[in-house]
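A.B. asks: Below you will find the structure I want to go over with you.
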Amino acid sequence: MADEELHENDSQDQKDWQNEVSTDDAKASKADKDAAETAAEESEEDETYGVDMDQVQAVLNATADKSTLTPQMQRMMNRQAENTKRVEETIKGTKSNPRWFVPVFCAFMVIGLIWCVVYYLSPSGAWPIPNIGAWNLAIGFALIMIGFLMTMGWR
Numbered sequence: 027m028a029d030e031e032l033h034e035n036d037s038q039d040q041k042d043w044q045n046e047v048s049t050d051d052a053k054a055s056k057a058d059k060d061a062a063e064t065a066a067e068e069s070e071e072d073e074t075y076g077v078d079m080d081q082v083q084a085v086l087n088a089t090a091d092k093s094t095l096t097p098q099m100q101r102m103m104n105r106q107a108e109n110t111k112r113v114e115e116t117i118k119g120t121k122s123n124p125r126w127f128v129p130v131f132c133a134f135m136v137i138g139l140i141w142c143v144v145y146y147l148s149p150s151g152a153w154p155i156p157n158i159g160a161w162n163l164a165i166g167f168a169l170i171m172i173g174f175l176m177t178m179g180w181r
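FYI, the numbering for the sequence shown is 27 to 181, going by this note's numbering.
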């Protein structure tokens, strides 16, 4: 008896599932129609503004003829030129470090780390410099700190 109820429910669920799929297909086709309508409306909006997108791209790329542009487009082109000039001046004004700077501060940090590891792994702290004991750790940490302080000046 339980098997019969189970099979009956499965067949009913199957019918409901098939109905849902057909309604989903109808919704999808309706969504496609809506997307096509909105695309047509957007192209109409572009036409109502009276501005050709090719002309806008030419202004942004500074390849347009200024005499044929509207005053708004000329102002936009002038602003674009000013912004470009400002960025170029900012780039020229920045200072950079010499090429050796980054390898040197990385080397300080790595050598300091190796110094500390060698001290910890050596028998009774005899290496890297014997007879100074825990001062080897101070030397290692000092090297690491020099490297980190150099990173503050990195441009």
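Where is the CB? At the ideal position from N, CA and C, for every residue including glycine. From a predicted model like this one, the values you see are computed outputs, not experimental measurements.
Can you confirm whether the segment 137 to 144 touches the segment 158 to 168 when touching is taken to mean that 3 or more C-beta pairs between the two stretches lie within less than 8 angstroms?
C.D. replies: Because the criterion of three Cβ pairs below 8 angstroms is met, the segment 158 to 168 and the segment 137 to 144 touch.
A.B. asks: Which residues mark the beginning and the end of the alpha helix (DSSP H) in which Ile155 is found?
C.D. replies: Element bounds for Ile155: n/a, residue is neither H nor E.
A.B. asks: At what residues does the alpha helix (DSSP H) containing Lys111 begin and finish?
C.D. replies: That run of the alpha helix (DSSP H) goes 97 to 119.
A.B. asks: Could you have a look at Asn123 and say whether DSSP puts it in helix, strand or coil?
C.D. replies: Coil, per DSSP.
A.B. asks: Return the CA-CA distance between Val82 and Met102, expressed in angstroms with no decimal places.
C.D. replies: Taking the straight line joining both Cα atoms gives about 9 angstroms.
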